[in-house]
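Residue numbers (the working numbering), protein chains in the order written: chain A, 65 to 179; chain B, 51 to 162. No residue lacks a Cβ here, since even glycine has one placed at the ideal position from N, Cα and C. Everything numeric in this text was worked out from a predicted model, so none of it was measured. Beneath this line is the structure, given in C-alpha cells, with notes to follow.
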C-alpha cells in the first residue's frame, strides 16, 4: 500500500466554522489531489498539486483552498464550512518514478459532517 | 463537468456468476482505469489500460479498452463474496495529464 495518511478520519463541525484536512505521504510522489465523494457523483476533483507551492483547481473548487508547503503534506481548507460540504474526502498521490501510467493511489478518506 | 457514464449503477448476483460492467463517454480517452472501493476505504487500482483494443487481466478480472476509445469494460468471472464493493472506472483524456475523470460507480452485491 502507498504510504498515504489522512487526518482526521472523522470530523463533525458546525456551519460557518473553518476546517482543515491533512494529507500526508511518505512516497515522495510529485502530484497530490483532493477529491470529494458523494452518492451518485463518484469522485470529483477539488484541487490538485503538481509540486511544492504549485496548485490548481479541479471541477468543484468553490469554497475550498489548498496549500502545499512541503512535498509530503497537502492541506485542504474549508474557510467557512457549509452543509453542502458534508462528504467523504479522499487524498490521492501520483508520480512514482518509472510509472508511465501515473497511477493515482488513494488515502483512507476523511468523513466530514457539517451541521 | 466531464463525467463518465458507468452502468449498471448496482448489481445483485449469486455467488459464482459472472459480472459485466461498462463505462462510456462522448469524448476520447487515452487511459482507462478500473478501481474497487470497499466500505470505509479508499479506491484501489485493479487494472490500467493504455491502448485502444487492449485487453488486460488481473486474476478473475478482465478489462478492455474500447476500440473507439470512448468506452471500457470490466468483467469478473466466477464471483466470490470478497468481490463485493463499488467499482469505479476512471479515464484520462490527455496523455501525460494528471487529472482523472471518474464514473459514478457500480455497487456489486453478492448473495452466497
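Spatial distance of residue i from residue j (CA atoms)
i	j	result
residue 90/A	residue 136/A	6 Å
residue 64/B	residue 122/B	24 Å
residue 177/A	residue 115/A	30 Å
residue 71/A	residue 96/A	15 Å
residue 60/B	residue 126/B	14 Å
residue 101/B	residue 144/B	13 Å
residue 179/A	residue 75/A	11 Å
residue 94/A	residue 160/A	8 Å
residue 156/A	residue 170/A	4 Å
residue 74/B	residue 141/A	33 Å
residue 69/A	residue 92/B	11 Å
residue 128/B	residue 153/A	33 Å
residue 78/A	residue 127/A	15 Å
residue 110/B	residue 133/B	10 Å
residue 131/B	residue 107/B	20 Å
residue 97/B	residue 66/B	21 Å
residue 105/A	residue 175/A	16 Å
residue 86/A	residue 99/B	31 Å
residue 120/B	residue 113/B	14 Å
residue 124/B	residue 161/B	20 Å
residue 79/B	residue 148/B	13 Å
residue 5/A	residue 76/B	A question about residue 5/A goes unanswered here, because the residues of chain A that appear run from 65 up to 179.
residue 54/B	residue 142/B	11 Å
residue 73/A	residue 62/B	30 Å
Chain-ordered neighbours of residue i on chain B, where CB pairs are closer than 8 Å
i	result
residue 105/A	154
residue 109/A	149, 150
residue 114/A	148
residue 26/A	The requested residue 26/A is not part of the displayed model; chain A covers only 65 to 179.
Proximal residues of chain A, C-beta to C-beta of residue i below 7 Å
i	result
residue 92/B	154, 170, 171, 172, 173
residue 123/B	Within 7 Å Cβ-Cβ: nothing; residue 123/B doesn't reach chain A, min ~18 Å.
Under 7 Å from the C-beta of residue i: neighbouring residues of chain B
i	result
residue 85/A	Near residue 85/A there are no residues of chain B at all, since even the closest Cβ is about 14 Å away, more than 7 Å.
residue 71/A	Result: empty, since nearest Cβ-Cβ is about 14 Å, beyond 7 Å.
residue 158/A	148
Rounded distance between the beta-carbons of residue j and residue i, thought under 8 Å
i	j	result
residue 56/B	residue 118/B	With 8 Å as the limit, residue 56/B and residue 118/B do not qualify as a contact, their Cβ atoms being about 16 Å apart.
residue 158/A	residue 166/A	5 Å
residue 132/A	residue 113/A	4 Å
Proximal residues to residue i (C-beta, below 8 Å), its chain only, five neighbours per side dropped
i	result
residue 58/B	71, 156
residue 95/B	83, 84, 85
residue 67/A	89, 90, 91
Residues near residue i by beta carbon distance below 7 Å, same chain, minus five either side
i	result
residue 121/A	111
residue 92/A	135
residue 115/B	82, 99, 101, 102, 103, 104, 122
Same chain, Cβ closer than 6 Å to residue i, neighbours up to 5 away in sequence not counted
i	result
residue 124/A	108, 110
residue 130/A	111, 119, 140
residue 83/A	77, 142, 145
residue 138/A	87, 96, 113, 132
residue 81/A	145
Contacts of residue i in chain A (Cβ-Cβ under 8 Å)
i	result
residue 138/B	106, 107
residue 95/B	167, 168, 169
Stretch-stretch touch, CB-based, cutoff 8 Å, three pairs: the region 98 to 112 of chain A with the region 140 to 160 of chain B: Enough Cβ pairs lie closer than 8 Å, so yes.
Stretch pair the region 138 to 145 of chain B + the region 77 to 90 of chain B: three plus CB contacts closer than 8 Å: Touching, yes.
Touch test, the region 59 to 76 of chain B against the region 138 to 151 of chain A, Cβ-Cβ under 8 Å, three pairs minimum: Judged by Cβ distances under 8 Å, the region 59 to 76 of chain B makes no contact with the region 138 to 151 of chain A, as fewer than three pairs qualify.
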